[in-house]
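Sequence lines, in order, name chains A and B.
Take 50 as the starting number for the first sequence in this note's numbering and just add one per residue.
Take 141 as the starting number for the second sequence in this note's numbering and just add one per residue.
Glycine residues also receive a C-beta, built at the ideal position from the N, C-alpha and C atoms.
Bear in mind the structure is a predicted one, so any value in this text is a computation, not a measurement.
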Amino acid sequence: MSRHSHDPWRLPTLERFGAQLRDRENTSDVENTDQIPVLQPSSRPRRSRRTSFAAAGGLALIGAIVAVVWLTASTSTTPAYAVTVNGDGSVTLTLNEVIGASSANEQLAKLGVRAVIAKVEPGCTATGEAVPIPSSTFSQQERMVETEKPREGLSGLVWVIHPSAIPPGDTVLITVQLVNGGNPVATFNGRAISALSGSIGLYHGSAPACRPSP
Amino acid sequence: MLWRRRLTPSPLGLSARSQAPTRIFADFYDQMSPSVLRFFARQMDDGNAALDLTAETFSKAFEKRRDFRGANDKQAAAWLWAIAHNELARYQRSRSVELAAIERLGLERPSPSDEELRRIEQLTAIEDARERVREALRTLPPDQQEVIRLRFFDELSYPEIAQHLAVSYDVVRARTSRALRALRATEQLRDAIHALDL
Chain A
50 MSRHSHDPWR LPTLERFGAQ LRDRENTSDV ENTDQIPVLQ PSSRPRRSRR
100 TSFAAAGGLA LIGAIVAVVW LTASTSTTPA YAVTVNGDGS VTLTLNEVIG
150 ASSANEQLAK LGVRAVIAKV EPGCTATGEA VPIPSSTFSQ QERMVETEKP
200 REGLSGLVWV IHPSAIPPGD TVLITVQLVN GGNPVATFNG RAISALSGSI
250 GLYHGSAPAC RPSP
Chain B
141 MLWRRRLTPS PLGLSARSQA PTRIFADFYD QMSPSVLRFF ARQMDDGNAA
191 LDLTAETFSK AFEKRRDFRG ANDKQAAAWL WAIAHNELAR YQRSRSVELA
241 AIERLGLERP SPSDEELRRI EQLTAIEDAR ERVREALRTL PPDQQEVIRL
291 RFFDELSYPE IAQHLAVSYD VVRARTSRAL RALRATEQLR DAIHALDL
């Protein structure tokens, strides 16, 4: 029944701290929750499900680029992409279809994550200043972006981005491409299986918007 | 996010998946932080420590918000107070504030101005005075207790009290006057009454 329209304990310094929490909350929640599939953050510390390189099969270290090929079987109900902020500040990026790349990029930008997805496009002339990641410092790349194993079934490419590990001024580039021109490469339980390949690089400044076909 | 999905809609807006998807915890902070600061400030003579403990309590709550399994505001508040009490106990053991959650979240600890620290001292003194007067009210007749409570704790105007109690304005003023006279007669209460500007 208090008649206080303004609680005297609501001090400016409290308000300022609240603003920090508000900012933090804004950057740790994805606006479109409908696009968060089964990737809800756990209450437990996130356990890395990083792919072992042997299991990844197609992984290769090429200069600044680490590539992995993954089979994927998207359905009409599968979101094209998902961007989820984890409890430790990392961001899980799931890409089920290449078409989701531009929306995922918007979401990453909104979250202030310096990482972009670029599609491999014939005739792409965009350039950027790639930062070499020698194999001896591969762990540096792992600290920035982990590639995770697919979840249940074949659910596209999944990366865990650690924004705080990306050097200031640099941008992580995640390049994606449909393997075999998007045509099925196999069947599984009667479902056509296509393949996406993804690779990771690091660029000074902004990263190129697309990558040319090899 | 579990924090959103598990809770049913509530006045604090803690749950509301259908509501604005962001700023849900921040709204909770806005609602609860003055009370939490008041709680800590009354436990110690150190405004800086009270602010640090408040900030650390909410930072820990922010980190653990997905663990919250309650279903309404009352449970949310109880959950927060449990964290606050733990922080106070830790402070009382070590005589220092642990700022671990603030640091993990990369937040800046509160940096109050001198004026704000003085304000915390004043507010704490007022709270203490209120408590002493509240205790003393028990010695007064019930009708006088009621007008003092409504006038000086709930901050109703005299006409509002008259309306609330269904008595005349003059009756309210007379009861108030008698009550204050009785309270001022107690020497130990004079400072408290002065602090409350009764």
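Closer than 8 Å, CB to CB, is residue i near chain B or not?
i         : result
Gln69(A)  : yes
Trp208(A) : no
Pro57(A)  : yes
Pro61(A)  : yes
Gly161(A) : no
Gly254(A) : no
Ends of the alpha helix (DSSP H) at residue i?
i         : result
Ile266(B) : Asp254 to Leu277
Lys200(B) : Gly187 to Glu203
Ala181(B) : Ile164 to Ala181
Glu286(B) : Pro282 to Ile288
Val162(A) : Val162(A) -> no alpha helix (DSSP H), and no H or E assigned at all.
Val194(A) : No alpha helix (DSSP H) holds Val194(A); the beta strand (DSSP E) holding it covers Val194 to Glu197.
Val180(A) : That residue, Val180(A), is in no alpha helix (DSSP H); it is neither H nor E in DSSP.
Glu300(B) : Tyr298 to Leu305
Between the options, which lies nearest to residue i when the distance is taken from Cα to Cα?
i         : options                                       : result
Arg274(B) : Thr264(B), Gln285(B) and Thr197(B)            : Gln285(B)
Leu323(B) : Leu177(B), Leu280(B) and Arg230(B)            : Leu280(B)
Ala224(B) : Phe202(B), Phe198(B), Ala319(B) and Thr316(B) : Phe198(B)
Leu223(A) : Asp56(A), Thr174(A), Arg71(A) and Ala153(A)   : Here the sequence assigns Ile to residue 223(A), which means Leu is not the residue at that position. The shortest Cα separation from Ile223(A) among Asp56(A), Thr174(A), Arg71(A) and Ala153(A) belongs to Ala153(A).
Arg192(A) : Asp56(A), Cys259(A), Gly254(A) and Val209(A)  : Val209(A)
Ala258(A) : Gly247(A), Ile166(A) and Ser246(A)            : Ile166(A)
Arg205(B) : Gly136(A), Tyr130(A) and Pro128(A)            : Gly136(A)
Return the first residue and the last residue of the beta strand (DSSP E) that residue i is part of.
i         : result
Ile148(A) : Here Ile148(A) belongs to no beta strand (DSSP E), and DSSP marks it neither H nor E.
Thr141(A) : Val140 to Leu144
Val132(A) : Tyr130 to Val134
Just the C-alpha distance for residue i and residue j, rounded to the nearest angstrom, thanks.
i         : j         : result
Gln226(A) : Arg163(A) : 20 Å
Ala166(B) : Asp207(B) : 17 Å
Ala116(A) : Pro171(A) : The pLDDT assigned to Ala116(A) is 44, lower than 50, so where the model puts this residue is not dependable; a value taken from the coordinates is nonetheless given after this. Computed Cα separation, rounded: 18 Å.
Glu295(B) : Ile242(B) : 36 Å
Thr143(A) : Val207(A) : 4 Å
Ile215(A) : Phe292(B) : 56 Å
Gly138(A) : Val132(A) : 12 Å
Leu108(A) : Thr141(A) : Bear in mind that a pLDDT of 29 at Leu108(A), under 50, signals an unreliable position, so the number given afterwards is only what the model happens to contain. So the two alpha carbons sit approximately 20 Å from each other.
Gln232(B) : Ile260(B) : 20 Å
Ser175(B) : Leu320(B) : 28 Å
Thr62(A)  : Leu290(B) : 31 Å
Thr100(A) : Gly161(A) : Low local confidence applies: a pLDDT of 36 at Thr100(A) is under 50, so the model's placement there is unreliable, with the coordinate-based value given in what follows. One C-alpha to the other measures close to 26 Å.
Trp219(B) : Gly210(B) : 8 Å
Pro252(B) : Phe66(A)  : 10 Å
Arg270(B) : Leu263(B) : 10 Å
Glu255(B) : Glu64(A)  : 15 Å
Gly247(A) : Gln190(A) : 14 Å
Checking contacts by CB at 8 Å: is residue i closer than that to chain A?
i         : result
Ser234(B) : no
Glu256(B) : yes
His334(B) : no
Thr194(B) : yes
Ala217(B) : no
Tyr298(B) : no
Arg206(B) : yes
Ala166(B) : yes
Asp186(B) : no
Leu320(B) : no
Arg274(B) : no
May I ask you to list the residues that DSSP assigns as paired with residue i?
i         : result
Ile223(B) : Ile223(B) is not bridged to any residue.
Arg260(A) : Val169(A)
Val239(B) : It should be noted that the sequence gives Leu, not Val, for residue 239(B). DSSP, once it has assigned bridges, lists no residue as partnering Leu239(B).
Ile210(A) : Val140(A) and Val194(A)
Val312(B) : For Val312(B), which the question treats as bridged, DSSP gives no partner whatsoever.
Tyr252(A) : Ala179(A) and Thr220(A)
Gln69(A)  : DSSP lists no partner for Gln69(A).
Ser317(B) : Looking at the DSSP assignment, Ser317(B) forms no beta bridge with any residue, so it has no partner.
Show which residues of chain D have a CB atom less than 8 Å away from the CB atom of residue i.
i         : result
Phe202(B) : Absent here is chain D; the protein component of the structure consists of chains A and B.
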